[in-house]
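Chains as they are written, first to last, in the numbering used here: chain Z, 1255 to 1398; chain X, 2 to 150. For each residue, glycine too, the CB sits at the ideal point set by N, CA and C. Notes follow the structure.
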């Protein structure tokens, strides 16, 4: 019963997006760390592709009564383990011209990606916290 | 998630060393003697960076968990080994060649202050970008910790 309560509604989708943003931050930080490394090709994963996979998983779950685990199917850039653990295999390269050191850095796009990713992470964290606060309040009322 | 800080820290270290090398090159642009007083013009240093930490060899998901396959490291600090360029004719200098084809010339370091200044500025900007990345990571960790607070 507890699993159904925790896994109901938007919780699993928020958790998946939360994990995705956490893993993608590593890629963005890596791109920034290597911004002056010769021959380094900046890498990222496709956010729209992940959102599409997440949307499809939400639709499937909605058909099953909006309960239970969310079955997000990985693709060639996202590996999803049995426990929902998420690993990214970046293939997409961030645009930008090749510099003389064969690095295609684009600081503006990197900063934009970082801000968007951090915002996505914080929104997911805040919504998850709202859910847990709601559950806590509900449990408190019942106990009182 | 704390492995994320390793990535940004490695970037900051790499850029700091680049800045140190550029500063040393600028500081020694007119150094014609070595520490023992011999005529040996200062040789320019250049920091060569490479992706990853250079030792873990972890790739893919294993490395991603620790953050160690990400980041940047200093592969080598190259010392310019080319022959000193005799650019200044100064036969009265005690450091001038006494004989040979360069008689009367003083060997100089050949360091271009403009190049070193631009390298230093680039290192500072890249350092700032890494600080911003670390700041974003810190805010994300704080948001995650608020979940259980």
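Distance between beta carbons of residue j and residue i, contact taken as under 8 Å
{"i": "residue 80 of chain X", "j": "residue 46 of chain X", "result": "6 Å"}
{"i": "residue 1383 of chain Z", "j": "residue 147 of chain X", "result": "6 Å"}
{"i": "residue 1339 of chain Z", "j": "residue 1308 of chain Z", "result": "Not really, about 16 Å apart at Cβ, beyond 8 Å."}
{"i": "residue 1290 of chain Z", "j": "residue 127 of chain X", "result": "5 Å"}
Beta bridge counterpart(s) of residue i as assigned by DSSP
{"i": "residue 1301 of chain Z", "result": "Its beta-bridge partners do not exist; DSSP assigns none."}
{"i": "residue 47 of chain X", "result": "X:79"}
{"i": "residue 1347 of chain Z", "result": "Z:1297"}
C-beta atoms of residue i and residue j nearer than 9 Å
{"i": "residue 1275 of chain Z", "j": "residue 1371 of chain Z", "result": "yes"}
{"i": "residue 1234 of chain Z", "j": "residue 1358 of chain Z", "result": "Residue 1234 of chain Z is absent from the structure shown; chain Z starts at 1255 and stops at 1398."}
{"i": "residue 1277 of chain Z", "j": "residue 138 of chain X", "result": "no"}
{"i": "residue 15 of chain X", "j": "residue 74 of chain X", "result": "yes"}
{"i": "residue 1312 of chain Z", "j": "residue 1368 of chain Z", "result": "no"}
{"i": "residue 140 of chain X", "j": "residue 1376 of chain Z", "result": "yes"}
{"i": "residue 8 of chain X", "j": "residue 134 of chain X", "result": "yes"}
{"i": "residue 1324 of chain Z", "j": "residue 1267 of chain Z", "result": "yes"}
First and last residue of the uninterrupted alpha helix (DSSP H) at residue i
{"i": "residue 1332 of chain Z", "result": "Looking at the DSSP string, residue 1332 of chain Z is not in any alpha helix (DSSP H); the run it does join, the beta strand (DSSP E), is 1332-1334."}
{"i": "residue 1275 of chain Z", "result": "1265-1287"}
{"i": "residue 122 of chain X", "result": "114-149"}
{"i": "residue 70 of chain X", "result": "Taken as a continuous stretch (DSSP letters only), residue 70 of chain X belongs to no alpha helix (DSSP H), as it is neither H nor E."}
{"i": "residue 6 of chain X", "result": "4-28"}
Boundaries (first-last residue) of the beta strand (DSSP E) holding residue i
{"i": "residue 1326 of chain Z", "result": "No beta strand (DSSP E) contains residue 1326 of chain Z, which DSSP labels as neither H nor E."}
{"i": "residue 1342 of chain Z", "result": "1340-1342"}
{"i": "residue 107 of chain X", "result": "106-109"}
Option nearest residue i by Cα separation, candidates the options
{"i": "residue 103 of chain X", "options": "X:12, X:91, X:23 and X:5", "result": "X:91"}
{"i": "residue 1264 of chain Z", "options": "Z:1296, Z:1353, Z:1386 and Z:1360", "result": "Z:1386"}
{"i": "residue 124 of chain X", "options": "X:108, X:13, X:42 and X:55", "result": "X:13"}
{"i": "residue 4 of chain X", "options": "X:52, X:107, X:72 and X:149", "result": "X:72"}
{"i": "residue 76 of chain X", "options": "Z:1292, Z:1301, Z:1356 and Z:1334", "result": "Z:1292"}
{"i": "residue 24 of chain X", "options": "X:105, X:41 and X:113", "result": "X:113"}
{"i": "residue 1329 of chain Z", "options": "Z:1300, Z:1294, Z:1356 and Z:1393", "result": "Z:1300"}
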